[in-house]
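Undergrad: So the protein sequences, as listed, match chains A and B. Going by our numbering, the first sequence opens with residue 11, and the numbers climb by one from there. Going by our numbering, the second sequence opens with residue -2, and the numbers climb by one from there. For every residue, glycine included, the Cβ atom is placed at its ideal position computed from N, Cα and C. This structure is a prediction, so every number in the text was calculated from the model and none was measured.
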Amino acid sequence: MTTRGTFVRSAAALGAGVAAGSPIASLATRKNQVTDADVSALYAAAKKEGKVVWWTGHYTQAAAEKIAGAFKAKYPGIEVELLRQTGQVLFQRLTQDLKSNVHQVDVFASTDEAHMTILKKQNTLAQFVPGDIDKIPKEYQHLDPEDTYQLGDIALMLINYNPKKLPAPRKWNDLLDPHMKDLISMGHPGFSGYVGNWVVAMNDKYGWDNYFKKLAQNNPKIGRSVFDCTTDIVSGERVVGPGADSLALERKAAGNSIAIAFPEDDTILVTAPVTVLKEAPHPNAARLLMNFYYTKEYSQTAASTFNLPLRLDVPSPTGVRIDRMRTYHVKIERLLGGIPEVTAKWRETFNV
Amino acid sequence: MASVTAPRRVDRSGSFDPGPIFFIGAVVVLAILVIVPIGWLLLISLQHVDTGGFTFGNYVEAFTKSIYLRPIVNSFMLATSVATLAALIGTPLAWLIARTDMPGRTGLRALITAAFVTPSFIGAEAWILLAAPNSGWINRTIASFTHADHGPLNIFSLGGAIFVMALYNVPYTFTFVAGGLELISVELEDASSTLGASAWRTMRSITLPLVMPAIVAGFIMSFLEALAEFGTPAFLLIPARTQVVTTQLYLFFQFPVRTELAAAYAMPLIGVTLGLLLLQRRILGRRKFTVVGGKGGKRRLVALGPWRWPLLAAALAVPLCSVILPYLALLATSLSRIWSQGPVPGNITFYWYHWALFENAPTRLAIFHSLWYGAAAATIATTIAFLIAYTANRKLFPGAQALGIVCMAPFVVPGIVLAIGIYAAYSHPPLLLYGTAAILIIAFTTRFLPIAYSNLNTMVAAINTDLENAARTLGATRLRALRTITAPLLRRGLLASWLLVFIPAIRELSSAIFLFTPRTATMTTQIFDFTDAGNYEAVATLAIIILAITLVIVSAAYRLLGRDFMEKTST
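(1) Under the assumption that Ile232 of chain A contacts Val99 of chain A (Cβ atoms under 8 angstroms), give the Cβ distance between them as a whole number of angstroms.
(2) Check distances from the C-beta atoms of the stretch 212 to 241 of chain A to those of chain B and list, in chain order, the residues that come in under 8 angstroms.
(3) Please check if any C-beta of chain A sits within less than 8 angstroms of the C-beta of Leu127 of chain B.
(4) By how many angstroms is the C-alpha of Tyr204 of chain A removed from the C-alpha of Leu346 of chain A?
(5) Anything in chain A within Cβ reach of His425 of chain B, meaning under 7 angstroms, just list it in chain order.
(6) Taking Cβ to Cβ, would you say Gly148 of chain B is nearer than 8 angstroms to Ala140 of chain B?
(7) Verify whether the separation of the beta carbon atoms of Asn452 of chain B and Gly401 of chain B is less than 8 angstroms.
(8) Can you tell me which residues form a DSSP beta bridge with Met99 of chain B?
(9) Can you pull the chain A residues whose beta carbon is under 7 angstroms from the beta carbon of Gly432 of chain B, in chain order?
(10) Taking all protein chains shown into account, do 16 or more other C-beta atoms lie within 10 angstroms of the C-beta of Arg180 of chain A, making it buried, or fewer, making it exposed?
(11) Does the count of Cβ pairs from the stretch 110 to 121 of chain B and the stretch 184 to 202 of chain B closer than 8 angstroms reach three?
(12) For Arg201 of chain B, does the count of other Cβ atoms within 10 angstroms reach 16, so buried, or fall short, so exposed?
(13) I'd like to know whether the C-beta of Ser309 of chain A is nearer than 8 angstroms to at least one C-beta of chain B.
(14) Pick from A:Lys109, A:Asp154 and A:Gln106: whose alpha carbon is nearest that of Glu343 of chain A?
(15) For the pair the stretch 170 to 182 of chain B and the stretch 86 to 93 of chain B, tell me if three or more CB-CB distances fall below 8 angstroms.
(16) Need the endpoints of the alpha helix (DSSP H) that Leu309 of chain B sits in, please.
(17) Give, in chain order, every residue of the stretch 347 to 359 of chain A whose Cβ lies closer than 8 angstroms to some Cβ of chain B.
(18) Tell me the rounded alpha-carbon separation between Ser367 of chain B and Ser507 of chain B.
(19) In chain B, which residues lie less than 8 angstroms from Gln71 of chain A when you measure between Cβ atoms?
(20) Evaluate Arg261 of chain A with the Cβ neighbour count: other Cβ atoms within 10 Å of its Cβ, from every protein chain shown; 16 or more gives buried, anything less gives exposed.
(21) Let me confirm a value: Ser195 of chain B is counted as buried when at least 16 other C-beta atoms fall within 10 Å, else exposed. Which label applies?
(22) Identify the residues that DSSP records as bridge partners of His339 of chain A: which are they?
(23) How many whole angstroms separate the CB atoms of Ser337 of chain B and Ser245 of chain A, which I take to be in contact at a CB cut-off of 8 angstroms?
(24) So which residues of chain A does Ile64 of chain B contact, with C-beta pairs closer than 7 angstroms?
(25) Looking at C-alpha atoms only, which residue of A:Glu91, A:Ser256, A:Ala312 and A:Asn301 is the closest neighbour of Asp157 of chain A?
(26) Can you name, in chain order, every residue of its own chain whose Cβ lies under 7 angstroms from the Cβ of Ser72 of chain B, other than the five neighbours on each side?
(27) Taking 8 angstroms as the CB-CB cut-off, is Leu93 of chain A touching chain B?
(28) Touch check for the stretch 493 to 512 of chain B and the stretch 358 to 378 of chain B: three-plus C-beta pairs under 8 angstroms?
(29) How big is the Cα-Cα spacing for Ile212 of chain B and Thr204 of chain B?
(30) Quick check on Gln102 of chain A - is its C-beta less than 8 angstroms from some C-beta in chain B?
(31) Taking 8 angstroms as the CB-CB cut-off, is Gln44 of chain B touching chain A?
(32) Which residues in chain B have a C-beta closer than 8 angstroms to the C-beta of Gly200 of chain A? List them in chain order.
(33) Using three-state DSSP, classify Pro252 of chain A as helix, strand or coil.
(34) Under 8 angstroms: do the stretch 90 to 107 of chain B and the stretch 305 to 312 of chain B share three or more Cβ pairs, one atom per stretch?
(35) For the beta strand (DSSP E) that contains Asn452 of chain B, what are its first and last residues?
(36) Rounded to whole angstroms, what is the Cα-Cα separation between Gly559 of chain B and Gly36 of chain B?
Listed below in structure tokens is the structure:
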């Protein structure tokens, strides 16, 4: 309660500061957009809070740790309590917490935008507009018209494969080829939001029976995370599957036999959201971390761990710019009902 | 005034016995631990999801949809196969170690104990490294000789899960049967051979029938363990796309959480467990009678002659699969920078130990949590078990024995089901414990309270009341007599009970998985989290740390308490 009190007071002081004429250069252009002065005030208040609790479904454990490290380097004195898990698992734990009136999370980064719609309806999200929001591609600057969440990560669902064992697959339908029997590994839409996005996209493009019933005949190995596919290819357990770009590129750079293929019938683009919880136990540190998402340091760290940078002024790890790819984006209106729907179908088709 | 009241107060405090208050406290704690969670479980299984009104709808939904029925069939298949296989391996192994002159028996016994304290989900994780169809080391080795595409083993299958779970259930049958064999007097067998029966016939018509109750008891224990196990099916059967009851219960806890449906779905597990444990009790009761009937004569070891070494080799196959190979696989992985490259020079590193113990704060915290929750649960369970065992044995008030039954009740509730009850009871006011250490401590205490109770109950019963009575006659309160006479007499028993709760508590996964939050994560929930996304190095490192802590404690306990203390877990 005291921490929240502190936040409210400092925010009020900030408002007064801005009104009294802070440096013009840092004045925000968008309503409620954070200014440089706000950031220093947030940092000062966050230092008193001492830490920030960050649950993220984005990135691998190692990449998330690196980003936490970059945050700590920029803002010494604030510990990052990091939990990386699949998006659905985090969301389930968060809703379980909220139902029991337990508030332990500051910043929640999911891989399924529909989560935010549900949380928003429960009135559990705080509005926040990061300072550098205008540095990211324009079409993602207003993910939520009410600003209760923002873009946290752009991820790509494409094909991961072992180039020593297989020529580069060209289309999603290549996974249905009988030659792919026992070769495929993939995550589970009931656990991973990225996989959920992909399953909805495939379902909508090709129809359930045409795609997934056939895919089931190829006996795919089903794990939980989107990264399970990549891990299985690297270990030699399987050869191909729908996966994300980041871990595959990271493992490739480490010398493993793995590559990514951009399918002709669209790379699936996932807009993964990030938000500050209304009842965040460390409200200032929470906002500071969410603001950090749009800084250059963040995008550079993301790119160095083979994730797509949010900012356009930081080069992407593949060198391919996001606006040059053929992408398919499942809109939030569809995701909302779509993921539960395909997860139920999935359980019937794959029995898991 | 003061000088008048003071002596009176001293008098009163001399005669005032705080015992009853103490025991009432124990009863209240018992209610929190056992009665409330099990009661809530029953209650919510009959509650409508939205309205909270009375309904049988959850039961109807849980037991009519084919998607929910299939896991039940799978669970029974799994449990029956595991128990059968474990009995088929454990029985001859027990005979070889208890009754023959096979070399290396002491070493084998130690290895079987190591298997006993190894959580089977860690074994499963190790067997993924060894026998994943394409990448498993055993498969790769075989494939490199046969030039096949992949090796012959597939751990991601019902067969794979049966194999792994049987390995870690062999110690149950082994302990029961070895215990039985050691008590059979050799005269009966001698009489048989004097009357001209062959060794084989003696075995079939004398020895085997005598230990049959022990075999059945071991079978039932393994069956129940396999039915309630969550970790191994989660690791091996989800990729095989085979659901069992426990993994289905876990799915009910994914968003949107269906606690009511989970509660209804879990009920038959309690029924089956209760029924089988009653059966086991009857069987074991009969066994004791038989053993008393045959005079406790001297045992003579069967000379195996030239078969000694081949049989040793066969016997070694069991710990090779349950301890040696898995431990080596985990050790090698934990010492690899990237596990898929194998233990080759340049890839060997202590990095992951440094990471787990120093660098990664959540992991360090999880290790600390496991130890402190385990210690707290062990202390509370031992205290409660002792007080209740004492109350029940001395019949301190009418119906005191009923408390003993309450203490034993959690034994019939599988860990995963208990967790659902505890979650249902304590995730909302008036007692909002979800998210705190308390809910995990309650879960561990409740789960393992029966072990502490059954252990202490026999010990309290065995203590002569003369010394206590003498102390009471000399004016000591009951509590003082308890503290200064009874407890010291039971020192070893109390320590054994504490360890018998602590050891399983630090390797507990099936309840913890439902009750932890990241802030209260334990080593086992960390392992579960890291298996996602293939963080095998981190998983292996944590597994080795749990195993190391457990083995150190168990061997220290052996030194302090003697070899047979572990065997009490199974009775």
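TA: Quick look at the numbers:
(1) Actually they are not in contact, since the Cβ atoms of Ile232 of chain A and Val99 of chain A sit about 15 angstroms apart, beyond 8 angstroms.
(2) Against chain B - using a Cβ distance shorter than 8 angstroms - the residues of the stretch 212 to 241 of chain A are Lys231, Ile232, Gly233, Arg234, Ser235, Phe237, Asp238, Thr240 and Thr241.
(3) Not one beta carbon of chain A lies nearer than 8 angstroms to the beta carbon of Leu127 of chain B.
(4) Taking the straight line from one Cα to the other gives about 14 angstroms.
(5) When 7 angstroms is used as the limit between beta carbons, His425 of chain B is near these residues of chain A: Ser110, in chain order.
(6) Going by C-beta atoms, Gly148 of chain B is nearer than 8 angstroms to Ala140 of chain B.
(7) Contact flag unset, no.
(8) Paired residues: none, contrary to the question.
(9) Result: Asp107, Ser110, Val112 and Gln114.
(10) For Arg180 of chain A, the number of other beta carbons within 10 angstroms of its own is below 16, and it is reported as exposed.
(11) Output reads no: the stretch 184 to 202 of chain B does not touch the stretch 110 to 121 of chain B.
(12) With fewer than 16 other Cβ atoms from the protein chains shown falling within 10 Å of its own Cβ, Arg201 of chain B counts as exposed.
(13) Using a Cβ-Cβ cut-off of 8 angstroms, Ser309 of chain A does not count as an interface residue toward chain B, since no Cβ of chain B sits closer than that to its own.
(14) The residue with the shortest Cα to Cα distance from Glu343 of chain A is A:Asp154.
(15) Contact between the stretch 170 to 182 of chain B and the stretch 86 to 93 of chain B is established, with three or more Cβ pairs separated by less than 8 angstroms.
(16) Its alpha helix (DSSP H) spans residues Arg305 to Pro316.
(17) The residues in question are Arg357 and Glu358.
(18) Their Cα atoms are separated by approximately 14 angstroms.
(19) In chain order, Phe527, Ala530, Asn532 and Ala535 make up the part of chain B whose C-beta sits under 8 angstroms from the C-beta of Gln71 of chain A.
(20) Label assigned to Arg261 of chain A: buried.
(21) That one is exposed.
(22) In the DSSP output, where bridge partners are listed per residue, His339 of chain A has A:Leu279.
(23) Contact flag correct, Cβ pair sits at about 4 angstroms.
(24) For Ile64 of chain B, the C-beta contacts it makes with chain A under 7 angstroms involve Arg357 and Glu358, in order along the chain.
(25) Measuring from the Cα of Asp157 of chain A, the nearest candidate turns out to be A:Asn301.
(26) Closer than 7 angstroms at the Cβ level, and outside the excluded window around Ser72 of chain B, lie Leu224, Val241 and Val242.
(27) It does: the Cβ of Leu93 of chain A has a partner Cβ on chain B nearer than 8 angstroms.
(28) With a cut-off of 8 angstroms, the stretch 358 to 378 of chain B and the stretch 493 to 512 of chain B count as touching, because enough Cβ pairs lie within range.
(29) Approximately 12 angstroms between the Cα atoms of the pair.
(30) Against chain B, the CB of Gln102 of chain A has a partner CB under 8 angstroms away; the residue lies at that interface.
(31) No, because no Cβ of chain A sits closer than 8 angstroms to the Cβ of Gln44 of chain B.
(32) Per Cβ cutoff of 8 angstroms: Leu248 and Gln251.
(33) Residue state, collapsed to three classes: strand.
(34) Under the Cβ criterion (8 angstroms, minimum of three pairs), the stretch 90 to 107 of chain B counts as touching the stretch 305 to 312 of chain B.
(35) Run containing Asn452 of chain B: none in the beta strand (DSSP E); it sits in the alpha helix (DSSP H), Ala434 to Ala459.
(36) Approximately 39 angstroms between the Cα atoms of the pair.
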